[in-house]
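For reference, the structure is listed below as structure tokens.
Residue numbers (the numbering used here): 665 to 1109.
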């Protein structure tokens, strides 16, 4: 079955093989992060993309379908009953807006995964933009919105700044471009910056050669002070405090895993950069335009350790160990020594709130923070180990997950500005500043 627009040659689906097209569309959507994320399909058509997407997910998620064109209901209702089964569907965007939230949003939903059919985005850009903006302004949980508002402009500026820097020194950059098959006997170890990392010094020295050691940026200073050199450093935060985690004696050969919107201080360092694709709209578009086969590394915990697990999975490690990541305090202290915060705080000697308040956390707030640990353990695709197995093997096969960028990357500033005009998926806060910031690629900003 297909749908053709009257008095034109436009078809909603492929005229050759609409089911195969549906499978391709399903593959282009990022998977849900956890089983409490509502998958909301926008633009259903004949529904050929719905079932393949749900079949690709290894766990059960809540699902809702929104067909914004109400006039399609008499044409599709019977067909969709066969195609998507009992999945609830609403016909008409205005009809959806009048629905009680309880009719489409299951209790306990923590986030929403929007899956907009690309044909609707192209054919009905204004309607698509209106729908997407409505859902972006709605969030079951709003904890992360403050960070998005505060850092939104910085992320876009950094993205184009660092893309320009790549053009000047492409040999210093590699992308995590594939997920490797699992090597069960190889172990990844993440070093966080909790206070108990100091008690793990002997263990880290003894087992350093048996694991791939990935350091958080905050724990880097402590590790280097103990002559423990990680294989790589993971750093995500774009804030100005991030630069203080990297001491002046940071060895220039140790790579930093980050993303193009990451800290400017990192990209000013001579160290190699290993880049991953985040869920930021610019990263998603860059991936689809230039790196179509590269994995999207998701991090439902919104925590550095969650991204470390995703990196280990992409590198093909069979299991992981976490040191310095237990959210236990020692006499109120929340971090190990050597994080760089002591240098950062020197700039705030005239602060109105005490350093104690900035670095020591109340019990109530700490209990909320500990919930991240449970989410991390529940979500992780890799088993956690407490010790290194005797049969552990070490190899450099993880390097096969890395590759350079294709010759066409990153395109011109004009290319990105045209993309802004075409893609309704770009949030308004990104599109509002993309026009100017993309000119960094042209050297005119």
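Virtual Cβ for every residue (Gly too), placed ideally from N, Cα, C.
Computed from a predicted structure; not experimentally measured.
Nearest-angstrom Cα distance between residue 759 and residue 1045? Position 95 of the chain shown, counted from the start, is the residue given in the question as residue 759. Position 381 of the chain shown, counted from the start, is the residue given in the question as residue 1045. If you take the alpha carbons of residue 759 and residue 1045, they lie about 39 Å apart.
Cβ separation of residue 730 and residue 704, assumed to be a contact under 8 Å, to the nearest whole Å: Along the chain shown, one-based indexing puts residue 730 at 66. Along the chain shown, one-based indexing puts residue 704 at 40. Rounded, the Cβ-Cβ distance is 6 Å, consistent with contact.
Can you tell me which of 1102, 749, 961, 1083 puts its alpha carbon nearest to the alpha carbon of residue 841? The residue labelled residue 841 in the question sits at position 177 within the chain shown. Minimum Cα-Cα distance from residue 841 among the listed residues 1102, 749, 961, 1083 corresponds to 961.
When DSSP labels each residue in this structure, what does residue 875 get in the three-state scheme? Looking up residue 875 in the chain shown gives position 211. In the structure shown, residue 875 sits in coil (DSSP, three-state: anything other than H, G, I, E or B).
Hey, out of 781, 976, 889, 684, whose CA is closest to residue 861's CA? Counted from its first residue, the chain shown places residue 861 at position 197. The shortest C-alpha to C-alpha distance from residue 861 to any of 781, 976, 889, 684 is the one to 889.
Identify which residue in 987, 1076, 1082, 710 has its Cα closest to the Cα of residue 1180. With the chain covering 665 to 1109 only, the question about residue 1180 has no answer from this structure.
Who are the Cβ neighbours of residue 1048 in its own chain at under 8 Å, not counting the five residues just before and after it? One-based indexing of the chain shown puts residue 1048 at position 384. Contacts found: 983, 984, 985, 986, 1041.
Pick from 847, 697, 714 that is closest to residue 685, judged by C-alpha positions: Sequence index remark: in the chain shown, residue 685 carries index 21 (1-based). Checked all of 847, 697, 714; the closest Cα to residue 685 is 714.
For the alpha helix (DSSP H) that contains residue 976, what are its first and last residues? Numbered from 1 along the chain shown, position 312 holds the residue referred to as residue 976. From DSSP, the alpha helix (DSSP H) with residue 976 extends over 968 to 979.
Could you give the uninterrupted runs of the alpha helix (DSSP H) lying entirely in the stretch 897 to 972, keeping only those of 4 residues or more? Listed in chain order, they are 928 to 932, 945 to 954.
Give the straight-line distance between the Cα atoms of residue 774 and residue 700, rounded to the nearest whole angstrom. If you number the chain shown from 1, residue 774 lands on position 110. If you number the chain shown from 1, residue 700 lands on position 36. Each residue's Cα considered, the two are about 6 Å apart.
Are there 16 or more other CB atoms within 10 angstroms of the CB of residue 1101, so buried, or fewer, so exposed? As a position in the chain shown, residue 1101 is number 437, starting the count at 1. With 16 or more Cβ atoms within 10 Å of its Cβ, residue 1101 is classed as buried.
Is it buried or exposed for residue 951, if we count other Cβ within 10 angstroms and need 16 for buried? On the chain shown, residue 951 is found 287 positions in, with the first residue counted as 1. Buried is the call here.
Beta-ladder partner(s) of residue 718, from DSSP: Position 54 of the chain shown, counting from 1, holds the residue named residue 718. Within the DSSP secondary-structure output, residue 718 pairs in no beta bridge.
Report the rounded CA-to-CA distance for residue 843 versus residue 762, giving the unit in angstroms. Mapped onto the chain shown, residue 843 falls at position 179. Mapped onto the chain shown, residue 762 falls at position 98. Their backbone Cα atoms lie some 43 Å apart in a straight line.
Just the Cα atoms here: how many angstroms apart are residue 905 and residue 928? Position 241 of the chain shown, counting from 1, holds the residue named residue 905. Position 264 of the chain shown, counting from 1, holds the residue named residue 928. Cα to Cα, the separation comes out at about 11 Å.
If you draw a straight line from the alpha carbon of residue 935 to that of residue 903, how long is it in whole angstroms? Taking the first residue of the chain shown as position 1, residue 935 is located at position 271. Taking the first residue of the chain shown as position 1, residue 903 is located at position 239. Cα-Cα distance, rounded: 19 Å.
Note down the Cα distance separating residue 932 from residue 1055, rounded to an integer number of angstroms. Looking up residue 932 in the chain shown gives position 268. Looking up residue 1055 in the chain shown gives position 391. A direct Cα-Cα distance of roughly 40 Å separates residue 932 from residue 1055.
May I ask you to report which of helix, strand or coil DSSP gives residue 1066? Indexing the chain shown from 1 puts residue 1066 at position 402. Under the three-state reduction of DSSP output, residue 1066 falls in the strand class.
Cβ contact (3+ pairs, closer than 8 Å) linking the stretch 935 to 944 and the stretch 830 to 840: The way I'd put it, the stretch 935 to 944 does touch the stretch 830 to 840; three or more beta-carbon pairs between them come closer than 8 Å.
Over the uninterrupted alpha helix (DSSP H) stretch that includes residue 748, give me the two end residues. Position 84 of the chain shown holds residue 748. Residue 748 -> alpha helix (DSSP H) spans 737 to 748.
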